[in-house]
Amino acid sequence: MRDRKHVCPWWFCYTFDNPFRKLFHRPGRMFAAMIRPGMAVADIGCGMGYFTIGLAHLVGSTGRVLAVDLQPEMLARVARRARKAGVSSVVEPRLCQRASLEIDEAVDFVLAFWMVHETPDPQAFFKQVREILKPGGRMLVTEPKFHVSNWAFEEELEMAEAAMLAVKGRPEMALSKAALLEAV
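The sequence shown begins at 174 in our numbering and counts up one residue at a time.
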């Protein structure tokens, strides 16, 4: 397994979180079949909130999105984007720790987009996710095709299954390897 000490610095996110991203990652389309109004969602490793805002629109005013990240700089940008998009009442920025998600409430859906490879202990990460998912809750795990090998991605999914998260599908996601998991 790769070195898991690296975390993408907040300032580097501008290289992939930019207007061109809308050409291949459209949250409204990507998650429409997975998210319903009123759901509680956790966007773990949310970065500057690119997907957080799209998720907030999908859950609507009766839902909520926990925007979870290690870096306060990221969360400050999420809060600013949420205000600008008119969804600040739905989005809750949440600072986590390297070894703890710092989430004690149950959620319906977890998004882990391009971040599992940065966790220090993926097995512990998946166990924590399983603990916060409601019965039948789902998780979408994606990893960048250009950065995470097929072997490493399959190893992550084995750890997820050991944590009682069953693979239910392999949705197509641009530039990504993806798996939809369900709490069992």
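Just so it is clear, CB atoms sit at the ideal spot from N, CA and C, and this is done for glycine as well. Note that the coordinates shown come from a computational prediction; the quantities given were computed from them, not determined experimentally.
Reduced DSSP category for residue i - H, G, I as helix; E, B as strand; rest coil
i, result
"Gln301", "helix"
"Glu355", "strand"
"Gln244", "coil"
"Met288", "coil"
"Met332", "helix"
"Pro293", "coil"
"Met337", "coil"
"His320", "coil"
Nearest to residue i (by Cα), restricted to the options the options
i, options, result
"Val263", "Phe286, Glu278, Leu228, Phe282", "Leu228"
"Gly218", "Asp242, Ala352, Met207", "Asp242"
"Glu359", "Val232, Gly233, Leu268", "Because the chain spans 174 through 357 in this model, residue 359 falls outside it and cannot be assessed."
"Pro370", "Trp287, Gly236, Gln301, Arg343", "A question about residue 370 goes unanswered here, because the residues of the chain that appear run from 174 up to 357."
"Phe203", "Ser322, Val314, Ser234, Glu334", "Here residue 203 is Met; the residue named in the question, Phe, does not match the sequence. Out of Ser322, Val314, Ser234, Glu334, Val314 has the C-alpha closest to the C-alpha of Met203."
"Ala213", "Glu331, Glu275, Phe282", "Phe282"
"Gly259", "Gln244, Ala279, Gly233, Asp277", "Gly233"
Per DSSP, cross-strand counterpart(s) of residue i
i, result
"Gly342", "Leu353"
"Thr315", "Phe286, Ala351"
"Leu306", "Val280"
Own chain, CB closer than 6 angstroms to residue i, minus 5 neighbours either side, in chain order
i, result
"Arg271", "Pro293"
"Phe326", "Glu316, Lys350"
"Pro266", "Ala240, Leu248, Val251, Ala252"
"Met288", "Gly218"
"Lys341", "Leu353, Glu355"
Contact with chain C by residue i, beta-carbon distance below 9 angstroms
i, result
"Met207", "Chain labels in this structure do not include chain C; a single protein chain is all it has."
Spatial neighbours of residue i in its chain, beta-carbon cut-off 7 angstroms, leaving aside the 5 residues before and after
i, result
"Ala356", "Arg303, Leu306, Pro308, Gly309, Gly310, Met337, Leu338"
"Val321", "His290, Lys350"
Cut-off 8 angstroms between Cβ atoms - residues of its own chain near residue i, not counting five sequence neighbours on either side
i, result
"Asp176", "Note that Asp176 scores a pLDDT of 42, beneath 50, so its modelled location is shaky; the value from the coordinates is reported in the next line. Answer for Asp176: no residue qualifies."
Extract the residue ranges of the alpha helix (DSSP H) inside the stretch 198-222, only unbroken runs of 4 or more that lie entirely within it. 200-203
In the stretch 232-285, which residue ranges form an unbroken beta strand (DSSP E) of at least 3 residues, counting only runs that do not cross its ends? 237-242, 264-268
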